[in-house]
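Student:
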Amino acid sequence: MATKTLEGTAHALVASGRGILAADESHATIGRRFEPLGISNTEENRRRYRQMLLTTKGIGEFISGVILFDETIRQTADDGRPFVEALRDQGIIPGIKVDRGTKPLAGTSAEPVTEGLDGLGERLAEYKQLGARFAKWRAVIAIDDDRAPTRLALETNASALARYAALCQEAELVPIVEPEVLLDGAHSIERCFEVTETTLHTVFDALWANKVLLEGMLLKPSMVLPGAASPRPASVEAVAEATVRCLRRTVPAAVPGIVFLSGGQSDELATAHLNAMNRLPGPAPWPLSFSFARALQAAPLTAWRGDQTRVDDAQRAFLHRARCNSAARAGAYSAELERSAR
Ligand code: 13P
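Reminder that position 211 of the sequence shown reads as 215 in my numbering, one-by-one numbering, no gaps.
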């Protein structure tokens, strides 16, 4: 195993002041983002949209890596450069989403299980050729009263994540291991804590069983939050404390970094939560960074709206969100910084 390469890439992805942009939406997901803005979901619109993000001048100061979708890693910018090269020109590491989405897991009440292991070794070799240096696989854990997640759903998803991670490392790609506990539901923050703790224990047990090199991977967890429909909201500080407490109990110090997903939180709240975690006393065993899709893209997408004359505005909005999240990595995000773009 190329231990040094894997460790080097993992550390570069969590270098201080920088984080990851997830721009790896499937055709169906990007369609759901485009639809409310009246943008038609064509290959050319997807290419133009991703080009707007990936060619934003100066973005390499705040973004260390970008997760691409299969279509995007094969596309080129207007100037003829493959997107992968445009990223490298800004000092950004290209990555690739390799899971194939979720299906209802047989034997459960339709809990999600992530697919995509068949032929994965060959696909990883091709992505490596195309320039990817890291990969992502998202497992989804749903909370439903006391019924879900079931042990079966937790173990099946953890096992797939661990097999994916082992295959990635064989192919010299750093696996981002993403077990997302969904925000949907009316559950309390305590219930989210309990489910996240169980999920992470199960995932790290499977990673160990599959001989995954912890020093050569990154964890992409959700934050510990009350459900979106919970009658009991939690303060920014309470979320930060619960999340770091949960991670300290479950994530080995050997893991080089934690890169959160935003999970449907508003842009500003996701940034505020990351900031508050980085302000907690005592050094955490790992850097706490971001790998957001929606919380980095909502503002630029709304500014762009499918209109090529609005690319400058959209890129400004993207650069601003990236700058705010970069500041949050050092606990230096503030209301003034947030307002500075307005
Ligand atoms: P969100 O930040 O929108 O949750 O997406 C992150 C991601 O990559 C999901 O797999």
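No residue lacks a Cβ here, since even glycine has one placed at the ideal position from N, Cα and C.
(1) Given this structure, state the Cα-to-Cα distance separating ALA307 from VAL315, to the nearest angstrom.
(2) Is ALA297 near the ligand 13P, with its Cβ less than 7 Å from a heavy atom?
(3) Please list, in chain order, all residues of the same chain as GLY125 whose beta carbon is under 6 Å from its beta carbon, the five residues on each side excluded.
(4) Does the Cβ of LYS61 have 16 or more other Cβ atoms within 10 Å, making it buried, or fewer, making it exposed?
(5) Just to confirm the assignment, what range does the beta strand (DSSP E) spanning PHE294 have?
(6) Cβ of VAL117 within 8 Å of Cβ of LYS101?
(7) Answer yes or no: do ALA339 and ASN282 have a C-beta to C-beta separation smaller than 8 Å?
(8) Let me know the alpha helix (DSSP H) ranges lying completely inside the segment 191 to 259, each 4 residues or longer, listed in chain order.
(9) According to the Cβ coordinates, are ALA337 and THR247 closer than 8 Å?
(10) What did DSSP end up calling ASP148 once you bin it into helix, strand or coil?
(11) Can you have a look at SER20 and say buried or exposed, based on whether 16 or more other CB atoms are within 10 angstroms of its CB?
(12) Classify LEU165: buried if its beta carbon has 16 or more other beta carbons within 10 angstroms, exposed otherwise.
(13) Under the DSSP definition of a beta bridge, which residues are partnered with ILE97?
(14) Assuming ALA29 and PHE66 make a contact with CB atoms under 8 Å, what is their CB distance in whole Å?
(15) Just reading off the beta strand (DSSP E) that ILE43 is part of, what are its end residues?
(16) Does at least one heavy atom of the ligand 13P sit under 7 Å from the Cβ of ARG142?
(17) With distances taken between CB atoms, is the gap from PHE138 to ILE77 smaller than 8 Å?
(18) Kindly indicate which three-state DSSP category ALA26 falls into: helix, strand or coil?
(19) Mind checking whether the beta-carbon of SER266 lies closer than 7 Å to any heavy atom of the ligand 13P?
(20) Quick check on DSSP: helix, strand or coil for THR7?
(21) Any heavy atom of the ligand 13P closer than 7 Å to the Cβ of ALA162?
(22) Quick one, which of CYS328, SER163, ALA297, GLY135 has its alpha-carbon nearest ASN214's?
(23) Could you please give me the residues that DSSP links to THR80 through a beta bridge?
(24) Compute the beta-carbon to beta-carbon distance between GLU174 and MET56, rounded to the nearest angstrom, for a pair I have assumed lies under 8 Å.
(25) In this structure, how does DSSP classify ARG142 when only helix, strand and coil are distinguished?
(26) Would you mind giving the Cβ-Cβ distance between LEU223 and VAL259, rounded to the nearest angstrom? I have them listed as a contact below 8 Å.
(27) Please report the Cβ distance between VAL347 and GLY286, rounded to the nearest whole angstrom; I am assuming they are in contact, meaning their Cβ atoms lie under 8 Å.
(28) Using three-state DSSP, classify VAL315 as helix, strand or coil.
(29) Thinking GLY220 and ALA14 are a contact (beta carbons under 8 Å), I'd like their distance in whole angstroms, please.
(30) Compare the Cα-Cα distances from GLY35 to each of GLU47, LEU25, ILE24 and report the closest residue.
(31) Would you identify the three-state DSSP class for PRO183, choosing helix, strand or coil?
(32) Starting from LYS107, follow its DSSP beta bridges and name the residues at the other end.
(33) Does the ligand 13P have even one heavy atom less than 7 Å from the beta-carbon of ASP28?
(34) Relative to the ligand 13P, is the shortest distance from any of its heavy atoms to the C-beta of GLU48 smaller than 7 Å?
(35) Given that a residue counts as buried once 16 or more other Cβ atoms are within 10 Å of its Cβ, and exposed if not, what is ALA345?
(36) Out of curiosity, what's the CA-to-CA distance linking ASN329 and PRO291?
Tutor: According to the structure data:
(1) Per the coordinates, the alpha-carbon of ALA307 lies some 8 Å from the alpha-carbon of VAL315.
(2) ALA297: yes, Cβ under 7 Å from the ligand 13P.
(3) Excluding sequence positions up to five before and after GLY125, its CB lies within less than 6 Å of the CB of LEU171, all in the same chain and listed in chain order.
(4) Per the 10 Å Cβ criterion, exposed.
(5) Per DSSP, PHE294 belongs to the beta strand (DSSP E) from 292 to 296.
(6) Contact: no.
(7) Going by C-beta atoms, ALA339 is not nearer than 8 Å to ASN282.
(8) Counting whole runs of 4 or more residues, the segment 191 to 259 contains the alpha helix (DSSP H) stretches 193 to 213, 240 to 254.
(9) According to the sequence shown, residue 337 is Tyr rather than Ala. No, these two residues do not count as a Cβ contact at 8 Å.
(10) In this structure, ASP148 counts as strand in the three-state DSSP scheme.
(11) Result: exposed.
(12) Counting every other CB atom within 10 Å of its CB across the protein chains shown gives LEU165 a total of 16 or more, marking it as buried.
(13) Looking at the DSSP output, ILE97 shares a beta bridge with GLY69.
(14) The question names Ala, yet the displayed sequence has Glu at residue 29. About 20 Å separates the beta carbons of GLU29 and PHE66, which is beyond the 8 Å limit, so they are not a contact pair.
(15) Unbroken run through ILE43: none, as it is neither H nor E.
(16) Result yes, Cβ under 7 Å from the ligand 13P.
(17) The answer is no: Cβ separation not under 8 Å.
(18) Of the three classes helix, strand and coil, the one that applies to ALA26 here is strand, per DSSP.
(19) Flag set: Cβ of SER266 near the ligand 13P.
(20) Residue state, collapsed to three classes: helix.
(21) The answer is no for ALA162.
(22) Of the listed residues, the one whose Cα sits closest to ASN214 is SER163.
(23) Partner residues in the beta bridge of THR80, as assigned by DSSP, are PRO86.
(24) Actually they are not in contact, since the Cβ atoms of GLU174 and MET56 sit about 35 Å apart, beyond 8 Å.
(25) Here DSSP, grouped into helix, strand and coil, assigns ARG142 to strand.
(26) 6 Å between Cβ atoms; contact.
(27) Lying outside 5 to 346, the shown extent of the chain, residue 347 is not represented and no answer is given.
(28) Residue state, collapsed to three classes: helix.
(29) Here GLY220 really is in contact with ALA14; their C-beta atoms are around 6 Å apart, less than 8 Å.
(30) Of the candidates GLU47, LEU25, ILE24, the one whose C-alpha sits nearest the C-alpha of GLY35 is GLU47.
(31) Three-state result, PRO183: strand.
(32) DSSP, once it has assigned bridges, lists VAL117 as partnering LYS107.
(33) Judged by the Cβ position, ASP28 qualifies as a neighbour of the ligand 13P at the 7 Å threshold, a heavy atom of the ligand being closer than this.
(34) Checking the Cβ of GLU48 against the ligand 13P gives no.
(35) It counts as exposed.
(36) Looking at the two C-alpha atoms, the distance is approximately 14 Å.
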